[in-house]
Amino acid sequence: MKDESVSKDTGMMLSKDAIGRLMPMHIALDLKGNVISCGPTLSLVLKECGLSGQKFFELFNVKRPMGIASMRKLPALLGEKVQLRLNAAGHDFTLRGLCHDFAGGHGYLLNLSFGIGVVDAVRHFQLTEADFAHTDLAIEMLYLVEAKSAVMQELKELNLRLQSAKQVAEQQALTDTLSGLTNRRGMELELSRLINLRKSFTLMHMDLDFFKQVNDTLGHAAGDHVLRTVAQILLLEIRDSDIVARVGGDEFVLVLQRLDEGNLDNLVADRIIAAVSAPIDFEGQPCRVSCSIGITKSAFYEVLDSETLHADADMALYEAKRAGRGRALLFAPQVDVARSA
Amino acid sequence: MHGLINRSIQSFLRETYGQKLWEDVVQRAEFKFDDFEALLIYPAEQTDAMIEAACTVMRRRRGDLLESLGTYLVTSPNLEALRRLLRFGGLSFVDFLHSLDDLPDRAHLALSELDLPELIVLDQGSGHFRLLCAPLIDGAGHIVVGLLRAMADDYGALVLLDHLGTDGDYEVVVIHVLDQAYTAGKQFDLALPVGPER
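Shown next, in the form of C-alpha cells:
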C-alpha cells in the first residue's frame with residue numbers, strides 16, 4: 000500500500016489521513032479491485048456490517064450503472080454517478096457517489112455518501128458528528144428533520160385544541176347557519192325560560208309539504224333556497240317576542256306569546272300556510288311547497304313540561320298531515336286518545 | 000414576538016410555579032386570553048408585560064427569573080426537543096459556544112418567522128469567552144447565562160459564568176471554561192431515540 004495518493008492533473012499530493020478527513024466515506028481501489036484506502040466512516044460502516052474483504056465486489060453490489068459485476072467492467076464507472084448497495088444482509092443501505100481515476104489512471108477513487116438515507120444510517124450505525132466531513136450538511140439535515148418534527152408536533156397539538164374549541168363553539172351555537180333562524184338548542188332554552196316564568200304561549204310544530212319533491216326535481220340548491228325563503232316568511236308573520244326555529248331538515252318550531260284570546264293561533268297558522276303555499280321562485284322555476292302545522296297551548300296544561308308539549312304538538316301535526324296537508328290543527332283531548340291507546 | 004418564545008415562557012411559569020401563578024400573571028398583565036399559541040405572532044409588549052407581571056407577583060428580580068427560564072429551556076423534559084436541537088451545535092461545549100453565532104440562522108431554518116437575538120461569541124483564549132447578546136427581550140443575557148449553565152452540565156463541562164451588564168445595545172456575558180470534560184455529561188445520540196415522542 001502506498002501511503003500517498005496523487006491526483007493526475009496537478010500532481011497534488013495529499014496524505015491518506017487528509018483524504019480521510021476530507022472524504023471520510025471514500026474508497027480507493029487499484030486496477031485489480033483491491034482496496035488500497037478507505038475513509039474512517041466507511042471503514043466503521045463496513046466493520047459494523049461484518050465486511051472485511053479486500054476486494055471491491057466482496058463489499059458492494061453496483062446498483063447503478065447496471066450490469067457491472069466484475070473488475071473487468073469497472074472502467075464503466077469512471078466519471079459516473081454511482082449507486083452501491085452494501086453486500087451485507089440486514090444492512091439495507093444504498094450509498095451514492097462519484098467514481099474517478101487517480102494516479103494517472105492506476106486506480107479508482109469513489110467518494111460516497113448515504114444520500115437521503117442518512118437519517119436512518121445515523122441511527123443504524125450510531126454515527127456522530129465526527130463521522131461526517133465538516134463541509135457535509137448531514138448534521139444540518141438531521142437538525143432540520145428534528146426541528147420539523149417538533150414544529151409538526153406543535154401544529155398537531157394546536158389543531159387538536161382548535162378542533163375541540165370548534166366543537167364547544169358548535170355546541171354553544173344558538174343559530175341555524177342555513178336559515179339564520181334559532182336552532183333547536185336556542186328554541187329549547189327559550190321554551191324552558193317561558194315555562195319557568197309561567198308565561199302563557201302557543202307552541203307550533205310546522206313541517207313543509209312536498210319539500211322532498213323540490214329537492215328531488217330541482218336539486219338541493221333549490222331546497223336550500225326554499226328553506227331560506229320560508230324562514231323569511233315566518234319572521235314576517237311573527238312578532239319580536241316570538242321565537243321561530245328550524246329544528247330539522249324541513250321542520251320548524253314557533254313559540255308565540257299572548258295568542259290566548261279567541262282563535263288567534265289558528266289565524267296566524269292559516270296566514271303562514273297561505274304565505275308558504277305561494278310559489279317560490281328559484282332561478283325562474285316555481286317551487287311549490289305548502290306546510291302543515293300542529294298547535295298546542297300552555298293553557299291546556301296544569302303542569303308544563305316541554306317534552307309533553309312537543310309530543311302533543313307533534314300529534315296535532317301528524318293529524319294535520321293525515322287530514323290532507325296544507326292545514327293547521329289544534330291539539331285536542333280526542334287527538335290525545337290515539338297516543339295513550 | 001414569536002409565539003414559541005412566549006409559549007416557552009408561559010410553560011416555564013406554569014410548570015415551575017403552578018397554574019395559579021400563571022392565572023395571576025394573565026390577570027396582572029391584562030391578557031384577554033388564557034394561553035399563548037406557539038405558532039402565532041404576538042406584539043412585543045406582551046412578552047415584556049408577562050415577564051414584568053411574573054416578577055411582580057412573585058417578588059423576584061427580573062435577572063433571576065430570566066436566568067431560571069434559561070435553565071428551564073434546557074432541562075425541562077417537555078422541551079427535550081429543544082435541548083437536542085441545541086446539542087446539534089457541536090461535539091463539545093466549546094464547539095457549542097462557537098455554534099451560537101449561527102443560532103438565529105438555525106432558528107430561521109426551522110421556522111422562518113422565529114427571530115432569536117444575534118449572539119456574538121468572542122474567543123479570548125485559554126478558555127475565556129465573551130458573549131454579546133443583541134437586544135430582543137430586556138435581560139436576555141440572563142436567559143443566556145441560565146441556558147449556558149444548563150448546557151455546560153449537559154456536556155459535562157465545568158464553567159464559570161457572569162453577566163456583566165450592557166455594552167451599548169448589547170448585554171455582555173463572560174464565560175470561563177475550566178474543564179470541558181469535568182463529568183460524563185448527558186447522553187446525546189444524533190439519532191432521535193425510537194419510542195413515543197414526548
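Heads up: the sequence lines are chains A and B, in that order. When we follow numbering that gives the first Met the number 0, the leftmost residue of the first sequence carries the number 0, and every step to the right adds one. When we follow numbering that gives the first Met the number 0, the leftmost residue of the second sequence carries the number 0, and every step to the right adds one. Beta carbons: idealized from backbone N, C-alpha and C, even for Gly. Fair warning: this is a prediction, and the values are worked out from it, not measured in the lab.
For residue 16 (chain B), the first and last residue of its enclosing alpha helix (DSSP H): Start at 1 with the first residue of the second sequence, and residue 16 (chain B) comes out as number 17. Element bounds for residue 16 (chain B): 2 to 16.
Beta-carbon of residue 36 (chain B) versus every beta-carbon of chain A: anything under 8 Å? As a position in the second sequence, residue 36 (chain B) is number 37, starting the count at 1. So yes, residue 36 (chain B) belongs to the interface.
In the DSSP assignment, find the alpha helix (DSSP H) that holds residue 271 (chain A) and state where it starts and stops. In the first sequence, residue 271 (chain A) corresponds to position 272, counting from 1. Its alpha helix (DSSP H) spans residues 263 to 276.
Do the segment 179 to 188 of chain B and the segment 150 to 161 of chain B touch if we need at least three Cβ pairs shorter than 8 Å? yes
What's the C-alpha gap between residue 265 (chain A) and residue 327 (chain A)? Along the first sequence, one-based indexing puts residue 265 (chain A) at 266. Along the first sequence, one-based indexing puts residue 327 (chain A) at 328. Whole-angstrom Cα-Cα distance: 7 Å.
Would you call the CB atoms of residue 26 (chain A) and residue 85 (chain A) closer than 8 Å? Numbered from its first residue, the first sequence carries residue 26 (chain A) at position 27. Numbered from its first residue, the first sequence carries residue 85 (chain A) at position 86. Their beta carbons are not under 8 Å apart, which means residue 26 (chain A) does not touch residue 85 (chain A) by this criterion.
Cβ-based neighbour list, residue 195 (chain A), same chain, cut-off 7 Å, excluding 5 preceding and 5 following: Residue numbering aside, residue 195 (chain A) sits at position 196 when the first sequence is read from its first letter. Taken in chain order, the list of residues that qualify is empty.
Using Cβ-Cβ distances below 8 Å, what residues of the segment 73 to 94 of chain B are close to chain A? 80, 81, 83, 84, 87, 89 and 90
Exposed unless 16 or more other CB atoms sit within 10 angstroms - verdict on residue 295 (chain A): Residue 295 (chain A) sits at position 296 when you count from the first residue of the first sequence. By the 10 Å Cβ count, residue 295 (chain A) comes out buried.
Check the Cβ of residue 149 (chain A) against every Cβ in chain B and list those closer than 7 Å, keeping chain order. For the purposes of this step, residue 149 (chain A) is taken as the residue at position 150 of the first sequence. The contacting residues are 80.
How big is the Cα-Cα spacing for residue 74 (chain B) and residue 8 (chain B)? Taking the second sequence and counting its residues from 1, one reaches residue 74 (chain B) at position 75. Taking the second sequence and counting its residues from 1, one reaches residue 8 (chain B) at position 9. Approximately 14 Å, taken between the alpha carbons.
Assign residue 40 (chain A) to buried or exposed, taking buried as 16 or more other Cβ atoms, counted over all protein chains shown, within 10 Å of its Cβ. The residue you call residue 40 (chain A) lines up with position 41 of the first sequence. Result: buried.
Strand pairing of residue 96 (chain A), partner residues [DSSP]: For the purposes of this step, residue 96 (chain A) is identified with residue 97 of the first sequence, where counting begins at 1. According to DSSP, residue 96 (chain A) bridges with A:81 and A:111.
Does the ligand ATP have a heavy atom nearer than 7 Å to the CB of residue 94 (chain B)? Ligands displayed in this structure: none; no statement on the ligand ATP is therefore possible.
When you compare the CB of residue 33 (chain B) with every CB in chain A, is at least one pair closer than 8 Å? Residue numbering aside, residue 33 (chain B) sits at position 34 when the second sequence is read from its first letter. No, because no Cβ of chain A sits closer than 8 Å to the Cβ of residue 33 (chain B).
Alpha-carbon spacing of residue 342 (chain A) relative to residue 119 (chain A), whole angstroms: Chain A is shown only over 0 to 340; residue 342 (chain A) falls outside these bounds and no answer can be derived.
Could you spell out where the beta strand (DSSP E) holding residue 343 (chain A) opens and where it closes? Absent from the model: residue 343 (chain A). The displayed extent of chain A is 0 to 340, so no value can be given.
Reference residue 44 (chain B), options B:52, B:37 and B:38, closest by Cα: Position 45 of the second sequence holds residue 44 (chain B). Minimum Cα distance to residue 44 (chain B) is reached at B:52.
Which whole runs of the beta strand (DSSP E) in the segment 126 to 170 of chain B are 3 residues long or more, in chain order? 127 to 132 and 157 to 166
Which value, in whole angstroms, describes the spacing of the CA atoms of residue 28 (chain A) and residue 184 (chain B)? Sequence index remark: in the first sequence, residue 28 (chain A) carries index 29 (1-based). Sequence index remark: in the second sequence, residue 184 (chain B) carries index 185 (1-based). Each residue's alpha carbon lies about 41 Å from the other.
What does DSSP give as the partner residues of residue 33 (chain A) in its beta bridges? Working through the first sequence from its first residue, we reach residue 33 (chain A) at position 34. Looking at the DSSP assignment, residue 33 (chain A) forms a beta bridge with A:54.
Quick check: is the beta carbon of residue 156 (chain B) nearer than 8 Å to any beta carbon in chain A? The residue labelled residue 156 (chain B) in the question sits at position 157 within the second sequence. No - not a single Cβ of chain A is within 8 Å of the one on residue 156 (chain B).
What does residue 121 (chain A) touch in chain B if you count any residue whose Cβ is under 9 Å from its own? Sequence index remark: in the first sequence, residue 121 (chain A) carries index 122 (1-based). By Cβ distance, chain B contributes 188, 189 and 190.
Quick one, which of A:159, A:161, A:124 and A:228 has its alpha-carbon nearest residue 280 (chain A)'s? Position 281 of the first sequence, counted from the start, is the residue given in the question as residue 280 (chain A). For residue 280 (chain A), the nearest C-alpha among the options comes from A:228.
Using 10 angstroms around the beta-carbon of residue 14 (chain A), count the other beta-carbons present and answer buried if the total reaches 16, otherwise exposed. The residue given as residue 14 (chain A) occupies position 15 in the first sequence. By the neighbour-count rule (16 or more Cβ atoms within 10 Å), residue 14 (chain A) is not buried but exposed.
Beta carbon proximity, residue 13 (chain B) to chain A, threshold 8 Å: Residue mapping note: residue 13 (chain B) aligns to position 14 of the second sequence, counting from 1. Closer than 8 Å: no.
Hey, quick one: how far does the beta strand (DSSP E) through residue 286 (chain A) stretch, first residue to last? As a position in the first sequence, residue 286 (chain A) is number 287, starting the count at 1. 284 to 286 is the extent of the beta strand (DSSP E) around residue 286 (chain A).
Taking only beta carbons into account, state which residues of the segment 156 to 174 of chain B come closer than 7 Å to chain A, listed in chain order. none
Using a Cβ-Cβ cut-off of less than 8 Å, list which residues of the segment 104 to 120 of chain B approach chain A; keep chain order. 105, 108, 109 and 110
If you check the beta carbons only, do residue 245 (chain A) and residue 289 (chain A) fall under 8 Å apart? As a first step, residue 245 (chain A) must be located in the first sequence, where it is residue number 246. As a first step, residue 289 (chain A) must be located in the first sequence, where it is residue number 290. No. Outside cutoff.
Could you compute how far the alpha carbon of residue 54 (chain A) sits from the alpha carbon of residue 141 (chain B)? For the purposes of this step, residue 54 (chain A) is taken as residue 55 along the first sequence, with counting starting at 1. For the purposes of this step, residue 141 (chain B) is taken as residue 142 along the second sequence, with counting starting at 1. Near 58 Å, if we compare the C-alpha coordinates of residue 141 (chain B) and residue 54 (chain A).
May I ask you to verify whether the segment 93 to 100 of chain B touches the segment 139 to 147 of chain A, counting CB pairs closer than 8 Å and requiring at least 3? no
Let me check one thing: in DSSP terms, what residues is residue 43 (chain B) bridge-paired to? Taking the first residue of the second sequence as position 1, residue 43 (chain B) is located at position 44. For residue 43 (chain B), which the question treats as bridged, DSSP gives no partner whatsoever.
Go ahead and label residue 201 (chain A) buried or exposed: buried means 16 or more other beta carbons lie within 10 angstroms of its beta carbon, across all protein chains shown. Taking the first sequence and counting its residues from 1, one reaches residue 201 (chain A) at position 202. Burial call: buried.
Range covered by the beta strand (DSSP E) that runs through residue 174 (chain A): As a working mapping, residue 174 (chain A) is identified with position 175 in the first sequence. Residue 174 (chain A) -> no beta strand (DSSP E), and no H or E assigned at all.
Might you give, ordered along the chain, the residues of its own chain that have their beta carbon closer than 6 Å to the beta carbon of residue 47 (chain A), omitting 5 neighbours on each side? Sequence index remark: in the first sequence, residue 47 (chain A) carries index 48 (1-based). For residue 47 (chain A), where only same-chain residues beyond five positions count, the Cβ hits under 6 Å are 124.
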